[in-house]
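Here is the structure we will look at.
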């Protein structure tokens, strides 16, 4: 299998991944104290998550993103001046405008002779970001792309909403995507994409944009039928609808990518799925019939970190020597939008 | 139905022998149980049930009826 690049296109590869977590820990004991019907052991049993990290009140996704970029640059993975494009995936921008990517360019001391832009996606964002980064390299528009993912969903979540507070954690990741030199090995792509805006309301922060501006009414927090409290300015998730969408579309996307590349499950050394929670991953693993050793997981101590969840797994797997030269992996992201994508990567 | 009852017993945190069609779902029928049951039905029966319809179920029999309706709908479709 090749990455199916058109003639003349430049191949891209993942050169390095660095992550960053905020310092405040929210553990299950703290949550259980708020939710009498959910003891700490039950939260861990159902979600597989023991603790999540929460950004400080004055700490934004851009702060986490800058810290992840600083870690990547400090690691010596590349020279600051080599970077010629930044893609920042976040749903928690500092401002309506300008883009957080422009703020990040200046704060991390990157060259002013670079492109920088935000993309607004959640749990599918890393796979989309990789496709855009490798596309910029394939076309010759860029050679060294910094793909940054950062979110602080905790700031959108009402403390009384156990349906999402138990799951999501804040965090950021910086992935270095570079033009592959001859003999380097390593490819990114192809990809398959999916979008269904009919499910926009199933995972949403409804108020605070221009469609539903903030008012005293949108700020009013009320309990729903299940006793979870939130206002219209806070994150709402229809868990059942999101699960149904995932069970329907993820196997289709995985199948479509295999068909496109002429591969079968046996051709992949690993499947890096968006780290939603244990229940979701167990269900998908069973449905996709993926063996245990081929589906690395990393969420127990960080929760669901949205678009950073896949690079958190990647960073650990690379550090532990499990992404060796020639290894082939499939990356699958799915969530808010509704939006999903699958992509093939070789190391 | 035994695989389904076994899964349901785990979700509702009761003995499998206690699961019968007329069993009331009661207090343990929360959002987490509903989501877990969607996955169980997908796994055992390979049909998709709507979460709101599942939330409205009062007994195990209501869930079974919903599954039968979905299966009938799926075979027609």
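Residue numbers (our numbering), protein chains in the order written: chain W, 7 to 353; chain S, 7 to 83.
Beta carbons: idealized from backbone N, C-alpha and C, even for Gly.
Model, not experiment: these values are computed from the prediction.
query                                                                                                                           : result
Minimum Cβ-Cβ distance from residue 54 of chain S to chain W less than 8 Å                                                      : yes
Own chain partners of residue 284 of chain W with C-beta closer than 7 Å, once the 5 adjacent residues on each side are dropped : 53, 54
Continuous alpha helix (DSSP H) assignments of at least 4 residues falling wholly in the segment 157-237 of chain W             : 168-171
Opposing strand residues paired with residue 95 of chain W [DSSP bridges]                                                       : W/125, W/155
Near-chain W residues of the segment 28-48 of chain S - C-beta to any C-beta below 8 Å                                          : 36, 37, 38, 40, 41, 42, 44, 45, 48
Cβ neighbour criterion (16 or more within 10 Å) applied to residue 83 of chain S                                                : In this predicted model, residue 83 of chain S has a pLDDT of only 47, less than 50, meaning its place in the structure is not dependable; the value taken from the coordinates is given anyway. Per the 10 Å Cβ criterion, exposed.
The segment 328-338 of chain W touching the segment 45-62 of chain S, judged by at least three CB pairs closer than 8 Å         : no
For residue 40 of chain S and residue 25 of chain S, believed in contact at Cβ under 8 Å, the rounded distance                  : With a Cβ gap of about 16 Å, residue 25 of chain S and residue 40 of chain S do not count as contacting.
Contacts that residue 295 of chain W makes with chain S (C-beta to C-beta distance below 8 Å)                                   : In chain order: nothing, as chain S lies at least about 12 Å away.
Residue 194 of chain W and residue 18 of chain W closer than 8 Å at C-beta                                                      : yes
Rounded separation between residue 7 of chain W and residue 36 of chain S - CA only                                             : Confidence is the limiting factor: at residue 7 of chain W the pLDDT is only 48, short of 50, which leaves the residue's position unreliable, though a coordinate-based value still follows. Rounded to whole angstroms, residue 7 of chain W to residue 36 of chain S spans 46 Å at the Cα level.
Enclosing alpha helix (DSSP H) for residue 9 of chain S [first to last residue]                                                 : 8-18
Per DSSP, the bridge partner or partners of residue 58 of chain W                                                               : W/32
The segment 292-306 of chain W touching the segment 134-149 of chain W, judged by at least three CB pairs closer than 8 Å       : no
Where residue 71 of chain S falls, given that 16 or more other Cβ within 10 Å makes a residue buried                            : exposed
Nearest residue (CA-CA) to residue 234 of chain W, options W/265, W/319, W/41, W/25                                             : W/41
Given 8 Å, three or more beta-carbon pairs between the segment 315-325 of chain W and the segment 99-107 of chain W             : no
Members of the segment 240-271 of chain W near chain S, C-beta cut-off 9 Å                                                      : 244, 245, 246, 247, 248, 249, 250, 253, 254
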